[in-house]
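To keep things clear, I will list the structure first and then write my remarks on it.
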Amino acid sequence: MDRYDDVVEAARSVFDQTHDDVELVLISDGNPDVFDRFEAEFGDRPGVRTHCNDRNRGLLVSRNDGADVATGDIVAFLDDDAVAHPEWIERLVAAYEDHDAVAAGGKMVPMWVDGEPRFLPEEHYYLIGATHRGNLQGGETELCERLRAEYGRGVYYVPEAEVAHKVFDYRTDPRWLLDRAFWQGYSKRGMEQFVAGSGDEESAFLGRLLGEFVPGRTWNLLTDPDPVEAKQLVWLLLLTATVGFGYLYGIAKWG
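First residue of the sequence shown: 2, per the numbering used here; consecutive thereafter.
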């Protein structure tokens, strides 16, 4: 209930879409009090469907339940801490109509709730739930690989379809970021064990990181010294190394 106002803001961003035919499905993950508020606030509104899980089942189950409840031809997911651009749905629908996409995803931009951490490099924005510099597509790794296996292509990336993801202050704490980076590396190794090819995008990103972004930042720092840029370069290397340590731990764990 602490973040109910964020849920309402997310819902209103769906109501404000420029695309005409939009249905909103609200999922309460096993919290009857939240579900009752959904019903009271949105239950009588046309185009809104509500559902409450029998218990707290987690994000992935909630998304699957939402897809089951939805009646439209296209399903788009929006978390409760996100705010969609008014043309988000319109631009995603265009990707299906114009490019025959099997799935489409947009760009996640950070919405800093308590100020932007100037030390955090954009290359590692994925740690706070935003699209990072060098990212080639949106979407979950495992889902993308299943789509490639089934249809021969993955998620069509639509950078114009923007969603602002709220970044609360705890996500900008250096210790939280380092912990997140370590387990991100660990999970990447675990995913490789279960989904063939799931590490291809990460490998390509690492190549650009070490071969393009780090040298570019270093050159900029040498030619135009800046304390913020220097701090970002240090954190770029530190977070990259921490992801690597997590990956090595994953190798020791998973083989």
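Glycine residues also receive a C-beta, built at the ideal position from the N, C-alpha and C atoms.
Status (buried if at least 16 other CB within 10 Å, exposed otherwise) for residue i
i, result
"F16", "exposed"
"P175", "exposed"
"D21", "exposed"
"H100", "exposed"
"S63", "buried"
"V35", "buried"
"W236", "buried"
"A41", "exposed"
"S29", "buried"
"V84", "buried"
"V164", "buried"
"L60", "exposed"
"P33", "exposed"
"P118", "buried"
Contact set for residue i: own chain, Cβ-Cβ below 8 angstroms, skip 5 residues either direction
i, result
"I252", "R190"
"F183", "T243, V244, F246, G247, Y250"
"N54", "I28, S29, D30, G31, V62, S63, D66"
"G44", "T51"
Beta-carbon contacts of residue i that lie in its chain and below 7 angstroms, excluding the five residues immediately before and after
i, result
"D227", "none"
"T19", "P87, E88, E91"
"A231", "L222"
"D7", "D81, D82, K167"
"N57", "D30, G31"
"F39", "L27, S29, T51"
"T10", "For the sequence presented, residue 10 should be read as Glu rather than Thr. Cβ within range, chain order: V84."
"V23", "V15, G48, I90"
"W177", "Y171"
"R103", "Here residue 103 is Val; the residue named in the question, Arg, does not match the sequence. L148, Y152, R154, listed in sequence order."
"D37", "none"
Under 9 angstroms between C-beta atoms of residue i and residue j
i, j, result
"T173", "L210", "no"
"L234", "P111", "no"
"D115", "D170", "yes"
"A105", "Y157", "yes"
"K108", "V76", "no"
"Q185", "G256", "no"
"C145", "G130", "no"
"L128", "R181", "yes"
"V229", "F78", "no"
Sequence-distant residues of the same chain with beta carbon closer than 6 angstroms to residue i, five excluded per side
i, result
"G135", "Low confidence applies to G135: its pLDDT is 48, below 50, so where it sits in the model is not reliable, and the reading given next is rough at best. So the list reads F206, R209, once near-sequence residues are dropped."
"L179", "T243"
"V26", "R50, G67, V70, A71"
"F214", "E124"
"A162", "W89, R92, L93, G107"
"W113", "V168"
"T132", "K108, M109"
"G140", "Residue confidence for G140 is low, a pLDDT of 41 falling below 50, so the modelled location carries little weight; the figure read from the coordinates is stated next. For G140, where only same-chain residues beyond five positions count, the Cβ hits under 6 angstroms are G106, V156."
"G73", "E24"
"G212", "none"
CB contact check: residue i to chain C, cutoff 9 angstroms
i, result
"S63", "Any reference to chain C falls outside this structure, which holds one protein chain only."
* Take every Cβ of the stretch 80-97, pair it with every Cβ of the stretch 145-153, and state whether three or more of those distances are shorter than 8 angstroms. => no
* **Runs of beta strand (DSSP E) wholly within the stretch 9-91 (minimum 3 residues, chain order)** => Segments of the beta strand (DSSP E) lying fully in the stretch 9-91: 25-29, 49-53, 83-85.
* **Length at least 4, wholly inside the stretch 189-251: the alpha helix (DSSP H) runs in chain order** => List check, alpha helix (DSSP H) in window: 201-209, 215-224.
* Contained beta strand (DSSP E) runs [length at least 3] in the stretch 88-115, N- to C-terminal order -> 105-113, all fully within the stretch 88-115.
* Please specify which runs of the beta strand (DSSP E), each continuous and at least 3 residues long, are wholly inside the stretch 139-171, giving them in chain order. => The beta strand (DSSP E) runs of length 3 or more contained entirely in the stretch 139-171 are, from start to end of the chain, 157-168.
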